[in-house]
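Input: a single structure, listed below in structure tokens.
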Amino acid sequence: MKSALIGLFLLCVTLVSVRPLLYSGFFPMHDDTQVGRVVVMGRAVRNGQFPVRWVTDLGYGYGYPLFNFYGPLPYYVGGALYAAGLSGLTATKLMFALGIIGAGLTMFLFVQYLFGNLAGLVAAVAYVYAPYHAVEIYVRGAVGEFWMFMFLPIIFLGLVMASKNFRFGGVVVGSMGLAGVILSHTIMGYITTLGLALGIGMYGLAVLLFGKGSMVTFRNYVLLLLFGLGLTMFFWLPAFFEMGFTSVAGQIGTTAFWGDHFVCLGQLWQSDWGFGGSVPGCIEGMSFKLGKVHLLLGALGGIALIVFSKRVSLKTRIIFRTVFFLFVCSIILMTPLSGWVWQIVPEASFIQYPWRMLVFSVFGLSVFAGASVVLVQKQWMRGIFVLIAVLGIVGVNGKLFEPQYGYTRDPAAFETDEELRFRVSKISDEYLPPSVTKPGAAGEIPKTTVKTPNNGSVETEIDTETYTKAMITVREQEMVTINRAHFPGWRYYIEGKEIEPALDHGLPTIVLPAGTYLFQSRFTDTPVRIVGNVVSLLSILYSIFLFSRHEKKAIT
Numbered sequence: 326m327k328s329a330l331i332g333l334f335l336l337c338v339t340l341v342s343v344r345p346l347l348y349s350g351f352f353p354m355h356d357d358t359q360v361g362r363v364v365v366m367g368r369a370v371r372n373g374q375f376p377v378r379w380v381t382d383l384g385y386g387y388g389y390p391l392f393n394f395y396g397p398l399p400y401y402v403g404g405a406l407y408a409a410g411l412s413g414l415t416a417t418k419l420m421f422a423l424g425i426i427g428a429g430l431t432m433f434l435f436v437q438y439l440f441g442n443l444a445g446l447v448a449a450v451a452y453v454y455a456p457y458h459a460v461e462i463y464v465r466g467a468v469g470e471f472w473m474f475m476f477l478p479i480i481f482l483g484l485v486m487a488s489k490n491f492r493f494g495g496v497v498v499g500s501m502g503l504a505g506v507i508l509s510h511t512i513m514g515y516i517t518t519l520g521l522a523l524g525i526g527m528y529g530l531a532v533l534l535f536g537k538g539s540m541v542t543f544r545n546y547v548l549l550l551l552f553g554l555g556l557t558m559f560f561w562l563p564a565f566f567e568m569g570f571t572s573v574a575g576q577i578g579t580t581a582f583w584g585d586h587f588v589c590l591g592q593l594w595q596s597d598w599g600f601g602g603s604v605p606g607c608i609e610g611m612s613f614k615l616g617k618v619h620l621l622l623g624a625l626g627g628i629a630l631i632v633f634s635k636r637v638s639l640k641t642r643i644i645f646r647t648v649f650f651l652f653v654c655s656i657i658l659m660t661p662l663s664g665w666v667w668q669i670v671p672e673a674s675f676i677q678y679p680w681r682m683l684v685f686s687v688f689g690l691s692v693f694a695g696a697s698v699v700l701v702q703k704q705w706m707r708g709i710f711v712l713i714a715v716l717g718i719v720g721v722n723g724k725l726f727e728p729q730y731g732y733t734r735d736p737a738a739f740e741t742d743e744e745l746r747f748r749v750s751k752i753s754d755e756y757l758p759p760s761v762t763k764p765g766a767a768g769e770i771p772k773t774t775v776k777t778p779n780n781g782s783v784e785t786e787i788d789t790e791t792y793t794k795a796m797i798t799v800r801e802q803e804m805v806t807i808n809r810a811h812f813p814g815w816r817y818y819i820e821g822k823e824i825e826p827a828l829d830h831g832l833p834t835i836v837l838p839a840g841t842y843l844f845q846s847r848f849t850d851t852p853v854r855i856v857g858n859v860v861s862l863l864s865i866l867y868s869i870f871l872f873s874r875h876e877k878k879a880i881t
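For the sequence shown, the working numbering begins at 326 and goes up steadily by one.
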């Protein structure tokens, strides 16, 4: 009951951070594509595509495999809301709000598990109201990255559970947290998986070489990692093997070189608030500060853990040492001191911005902020301390959770063909094949899926993201163009017989003699997608089995 009341109080406090989402209209952000992505995801879900890989209305109307590569999880939620009947704008706002509020709730659950309700409350408020969290939401509009905030505490909760009595329950919980990170943001999923694998490997070496820790715990950690990868293989396996068919590979490292985006140490203490971008040097258009109240509470938490270390279990001390190590490493990796590390990190150019590590700094600092409650031993004084801490965090940082400005626009305007196929497509067209010619004006966007150049006619019966059926009539031999970007998995049929079209600037073309023909095209799974789908399905089923077995043991 007490936990529920504190959770309700946390929810009320968190509402300040989502206040701008309650206003009519919307606001600008760096990645100003969010409503469009929710709309195309919702349309794909409504048409029965799952898992969603291909969207039609982006890529200038040629379509592209956006969710074959781009973290789809937040958009599944937003898209489902859109498919259920909400406007794209409302569904997007709810998607934002769920990610923000969810981060506070999961951090509360993690730290509460270690130190109780009040510590969990302080940690959760610190986590939600971290300045970088505001940057992610209202400056960058980086939905996948701030959704990752929600899943990081779940990974650590799973690690703690897997080392205690809830071994297989911990494996399932932790693997779901890792899956959430991977499916929310591809780059952060890569960083998290790499860091987790390194940490588990170091733990295993400590067990083997020094007898520190438990081999059973090491086994559970390995299972957690493998299940997390298995649950998400339907996504990351095709993303890895099929990236070369898009323009992404050619743009990595050219749009943002990691060496130009290190953070100066002073910026972590104080950097001016702004809505610009990241540039080389110590004067940026956006802020990377950790927050003075956060740093103060984090320092108090560190002192508390040192002073009362004997009252804390060994496993809890190990967890906090791990969190502290994560915090220090993330700080170092954001500064020029780590240049040599970035040179040896596999696919470092894919990460682009070292300051992405701020999410781990914020996580570590928030956990230690929660631990500061331990410093106050008397219960009545602890309540006062928590109230002061919460008011201090929200009072100082709450004002950061505002967009640069808001604007009013008809929700339907976010869903028009011109909006999706031109304005939004221009912002993010890297998933098109490199050979596709990009329109320079809205009037150049293709109007039909099947195009005949002369006196031919097309009667389209079905035209969805993954299937087109049309009758094509040509009066003389003509080359018919299919205005769908070609990508592995597309199959084409004339009169029920599969054909292999020629490609003209990345678009399929078919030469037809005079006559009337039934044309069909289907987007199908490639072998690598089938393997990923099967492994993910088996991982889900086995995770359910493990969790149910854990629950049965808990009852008996």
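A virtual CB, placed ideally from N, CA and C, is assigned to each residue, including glycine.
Margin query: Which same chain residues end up closer than 8 Å to Tyr345 when comparing Cβ atoms and leaving out the 5 residues on each side of it in sequence?
Written below: It should be pointed out that residue 345 corresponds to Pro in this sequence rather than to Tyr. So the qualifying residues of the chain are Phe352, Tyr463, Phe726, Glu727, Pro728 and Gly731.
Next item on the list: List the endpoints of the continuous beta strand (DSSP E) containing Ile819.
Entry: Start and end: Trp815 to Ile819.
Margin query: I need the DSSP call for Arg492, collapsed to helix, strand or coil.
Written below: helix
Next item on the list: Give the secondary structure of Tyr867 by DSSP, where H, G and I count as helix, E and B as strand, and everything else as coil.
Entry: helix
Notebook entry, point to check: When the Cα of Ala448 is compared with those of Lys703, Gln437 and Leu330, which residue comes out closest?
Noted result: Gln437
Notebook entry, point to check: Met420 and Pro399 look like a contact to me (Cβ under 8 Å); what is the Cβ gap, rounded to whole Å?
Noted result: 5 Å
Notebook entry, point to check: How would you label Trp594, buried or exposed, when you count the other beta carbons within 10 angstroms and need 16 or more for buried?
Noted result: exposed
Check: Should Val715 and Val338 be called a contact, given that it needs their Cβ atoms to be closer than 9 Å?
Finding: yes
Next item on the list: Keeping to the same chain, check which residues put their C-beta closer than 6 Å to that of Thr881; ignore five residues upstream and five downstream.
Entry: For Thr881, the predicted structure reports a pLDDT of 47, less than 50, and the residue's modelled location is therefore unreliable. A value from the coordinates is still provided. No residues qualify anywhere along the chain.
Checklist line | In DSSP terms, what Asp829 is bridged to | finding: Leu832
Next item on the list: Rounded to whole angstroms, what's the CA-CA distance from Gly441 to Gly396? Just pull it up for me.
Entry: 33 Å
Item checked: Reference Gly840, options Val805, Arg854 and Pro852, closest by Cα -> Val805
Checklist line | Secondary structure of Ala795, DSSP reduced to three states | finding: strand
Item checked: Proximity winner among Val360, Leu745, Ile608 and Phe693, relative to Gly627 (alpha-carbon distances) -> The shortest C-alpha separation from Gly627 is found at Phe693.
Margin query: At the level of alpha carbons, what is the spacing between Asn545 and Ser488?
Written below: Put simply, the backbone Cα of Asn545 is about 8 Å away from that of Ser488.
Next item on the list: Out of Tyr454, Asp357 and Leu550, state which residue places its alpha-carbon closest to the alpha-carbon of Thr417.
Entry: Asp357
Check: DSSP puts Lys822 in a beta bridge; with which residues?
Finding: Ile819
Check: Is there contact between the segment 368-379 and the segment 537-555, where contact requires at least three CB pairs shorter than 8 Å?
Finding: no
Next item on the list: Let me know the beta strand (DSSP E) ranges lying completely inside the segment 709-785, each 3 residues or longer, listed in chain order.
Entry: Whole beta strand (DSSP E) segments, 3+ residues: zero.
Next item on the list: Apply the 10 Å Cβ neighbour rule to Ala795 and answer buried if 16 or more other Cβ atoms are within range, or exposed otherwise.
Entry: buried
Notebook entry, point to check: Going by the beta-carbon positions, is the gap between Glu740 and Val360 smaller than 9 Å?
Noted result: Pairing Glu740 with Val360 gives a Cβ-Cβ distance under 9 Å.
Next item on the list: Measure from the alpha carbon of Arg378 to the alpha carbon of each residue in Phe812, Glu461, Tyr407 and Lys703, then state which is nearest.
Entry: Phe812
Check: Residues in its own chain within less than 6 Å of Met473 by CB, not counting five upstream and five downstream?
Finding: Val506, Ser509, His510 and Met513
Item checked: Endpoints, the beta strand (DSSP E) within which Arg847 is located -> Gly840 to Phe848
Margin query: If you reduce the DSSP assignment to three classes, tell me which class Met611 lands in.
Written below: coil
Notebook entry, point to check: According to DSSP, is Thr789 helix, strand or coil?
Noted result: If DSSP states are grouped into helix, strand and coil, Thr789 belongs with coil.
Check: Short check: CB of Pro852 to CB of Thr571, under 9 Å?
Finding: no
Next item on the list: May I ask you to report which of helix, strand or coil DSSP gives Ile880?
Entry: Reliability fails at Ile880, whose pLDDT of 46 lies under 50, so the model's placement of it is uncertain and the value that follows must be treated cautiously. In the structure shown, Ile880 sits in a helix (DSSP, three-state: H, G or I).
Checklist line | Distance, Tyr842 Cα to Phe675 Cα | finding: 45 Å
Margin query: Given this structure, state the Cα-to-Cα distance separating Asp829 from His619, to the nearest angstrom.
Written below: 56 Å
Next item on the list: State the Cα-Cα distance for the pair Ile643 and Arg746, rounded to the nearest angstrom.
Entry: Linking Ile643 to Arg746 through their CA atoms gives a straight-line distance of about 51 Å.
Notebook entry, point to check: For Ser760, which residues of its own chain have a beta-carbon under 7 Å away from its beta-carbon, when the five flanking residues on both sides are left out?
Noted result: His830 and Gly831
Notebook entry, point to check: Rounded to the nearest angstrom, how far is the Cβ of Val698 from that of Ala455, given a contact under 8 Å?
Noted result: Not quite, the Cβ-Cβ distance comes to about 18 Å (not below 8 Å), so this is no contact.
Checklist line | Pick from Arg847, Leu866, Asn808 and Val799 that is closest to Lys822, judged by C-alpha positions | finding: Arg847
Checklist line | Test item: CB-CB of Phe844 and Val497 under 9 Å | finding: no
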